[in-house]
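Here the sequence shown is numbered in the UniProt record's numbering, starting from 1 and rising by one per residue. Virtual Cβ for every residue (Gly too), placed ideally from N, Cα, C. Please read these numbers as outputs of a predicted model, since none were measured by experiment.
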Amino acid sequence: TTLAAYEMTDHGIRLLSTQITLLSDTGESAYISSTPLTVGVLPKDMTSILSAEAKGTLRLVVPGDEVDMSKLGTENAPTEVQPIITNTLQEHESTDVPVDTHQTNDEEGSLTTQESEEEE
């Protein structure tokens, strides 16, 4: 089996090698992410792969049969992951918060707080 190695960091994804050969695995786990692997690596790729593995940023990928390994790269890989946005109330900088407020979601899903009209 031929594998590709990537390094995933906060700064993006970098292709390390497309010429890694899976030599053996223990076969004891249903999940390859927790299975020790023995791989064959070209000498020119060894330092970057060992460094990424030591930092915990190494990702090994088994490309599908239809993938041309000579064209494999990071051109279409995301360079950053956007945070998940949730509707939460943020603390007000001022302590003068109206006691009677009404919260609504506008058409775009943003949470807004409006002061209710007081009866006299």
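**Q.** Simplified DSSP assignment, three categories, for Thr2
**A.** Thr2 falls in the strand class under three-state DSSP.
**Q.** C-alpha gap between Asp10 and Leu3, whole angstroms
**A.** Their backbone Cα atoms lie some 23 Å apart in a straight line.
Q.
Assuming Thr47 is part of the alpha helix (DSSP H), what are its boundary residues?
A. From DSSP, the alpha helix (DSSP H) with Thr47 extends over Pro43 to Lys55.
Q | Opening and closing residue of the beta strand (DSSP E) in which Gly40 lies | A | Element bounds for Gly40: Leu37 to Gly40.
Q. What is the DSSP secondary structure of Gly64, counted as helix, strand or coil?
A. Under the three-state reduction of DSSP, Gly64 is assigned to coil, being neither helix nor strand.
Q. By Cβ distance, which residues of its chain are closer than 6 Å to Thr95, with the 5 residues on each side in sequence left out?
A. With a pLDDT of 49 at Thr95, under the threshold of 50, the modelled position of that residue is not reliable, and the figure given next carries that caveat. Answer for Thr95: no residue qualifies.
Q | Ala52 classed as buried or exposed, judged by whether at least 16 other C-beta atoms fall within 10 angstroms | A | Classification for Ala52: buried.
Q: Could you work out which residue in Ile13, Ala54, Ser17 and Met8 is closest to Pro43 when comparing CA atoms only?
A: Nearest option by C-alpha distance: Ser17.
(Q) As a quick exercise: from Val41, Lys55, Thr57 and Arg59, pick the residue whose alpha carbon is nearest that of Leu23. (A) Looking from the CA of Leu23, the closest CA among Val41, Lys55, Thr57 and Arg59 belongs to Val41.
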